[in-house]
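Residue numbers (this note's numbering): 1152 to 1400.
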């Protein structure tokens, strides 16, 4: 049987349509406005500088609506919608749109969902002028997440007409140690991440390896410390495959 997006949505809606005993709707958001030093210029080394007249920007403003309700069958139904806005001229953009059900069995979600390919991405992503190395991210798929003791397993799928993605991963934590591994496919390309963390008191360290296929690989490390309301952190990432070999951030 071929599972279509419509069939999947109807199946999930059929489970969640049970009468709700109670429901709660939460409205949140933020208005963020700043001043930047004009246009960005990238030189031959990849360094980014700003030049020109000062510009007021406000492209980090959001409105978020979240609804959660207990169903008569004992499950919890939920949905989320966010709109991202700028100051002038730009069209409002929907983001983090999903709905799902959860219970003792785990969490089933449709829409923007957790991507288990990134379960090993534990050491942060610094990005930068040359690097763009998030290995996960699914805006139009279906996912399952379940926690069993100290282990969390995840599965996600998106049909060919969307991102054509499949991911599976597992995370485990005990005694300050954490291990994560995720793998999957995006179209014809394979993806994989594996990483480990250790935390003691307010200090933590992490190391991760990511394989993007097509001879691109990255290694990243992160260290952080927090005390009270203050925290410090540093992240290092380097390209380790044939693509952009030696580029660091």
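Glycine included, C-beta positions come from ideal geometry on N, C-alpha and C.
Can you look up residue 1184 in the DSSP assignment and give me helix, strand or coil?
DSSP places residue 1184 in coil when its eight states are reduced to three.
Are the region 1308-1323 and the region 1385-1394 in contact at 8 Å, needing three or more beta carbon pairs?
Cβ pair count under 8 Å is below three, so no.
Which of helix, strand or coil does DSSP assign to residue 1286?
Coil at residue 1286, not helix or strand.
Taking one C-beta from the region 1317-1332 and one from the region 1251-1258 each time, how about it: are there three or more such pairs within less than 8 Å?
The answer is no - the region 1251-1258 does not touch the region 1317-1332, with fewer than three Cβ pairs under 8 Å.
Across which residues does DSSP place residue 1306 in a beta bridge pair?
Answer is 1295, 1319, bridged to residue 1306.
Measuring alpha carbon to alpha carbon, tell me which of 1391, 1297, 1210 ends up nearest residue 1257.
The shortest C-alpha separation from residue 1257 is found at 1297.
Could you check whether residue 1184 and residue 1205 sit closer than 8 Å to each other, using their CB atoms as the reference points?
Not a contact, by the Cβ cut-off of 8 Å.
Three-state secondary structure (DSSP) at residue 1267?
Helix at residue 1267.
Taking a contact to mean a Cβ-Cβ separation below 8 Å, would you say residue 1346 touches residue 1268 in this structure?
No; because the gap between Cβ atoms is not below 8 Å, this pair is not in contact.
Using the Cα positions of residue 1340 and residue 1211, report the straight-line distance between them to the nearest angstrom.
Approximately 32 Å, taken between the alpha carbons.
DSSP beta-bridge partners for residue 1231?
1217, 1249.
Report, in whole angstroms, the separation of the C-beta atoms of residue 1373 and residue 1272, which I expect to be a contact under 8 Å.
In fact, because the Cβ distance is near 11 Å, the residues do not count as touching under 8 Å.
Helix, strand or coil for residue 1326, going by three-state DSSP, please let me know.
Of the three classes helix, strand and coil, the one that applies to residue 1326 here is coil, per DSSP.
In this structure, how does DSSP classify residue 1273 when only helix, strand and coil are distinguished?
Of the three classes helix, strand and coil, the one that applies to residue 1273 here is coil, per DSSP.
Got a sec? Which residues, its chain only, sit under 6 Å from residue 1260 by beta carbon, not counting five neighbours each side?
These residues qualify, in order along the chain: 1249, 1251, 1294.
Take the Cβ of residue 1401 as the centre, count every other Cβ of all protein chains shown within 10 Å, and call the residue buried at 16 or more, exposed below.
Here the chain covers residues 1152 to 1400 and nothing more, so residue 1401 does not appear.
So what does DSSP say about residue 1311, is it helix, strand or coil?
Residue 1311 falls in the coil class under three-state DSSP.
Per DSSP, what kind of secondary structure is residue 1384 in: helix, strand or coil?
Strand.
On the DSSP letters alone, give me the boundaries of the beta strand (DSSP E) that residue 1347 sits inside.
Where residue 1347 is concerned, the enclosing beta strand (DSSP E) stretches over 1340-1351.
Going by other Cβ atoms of all chains shown within 10 Å of its Cβ, with 16 needed for buried, is residue 1359 buried or exposed?
It counts as buried.
DSSP state of residue 1362, grouped into three classes?
Of the three classes helix, strand and coil, the one that applies to residue 1362 here is strand, per DSSP.
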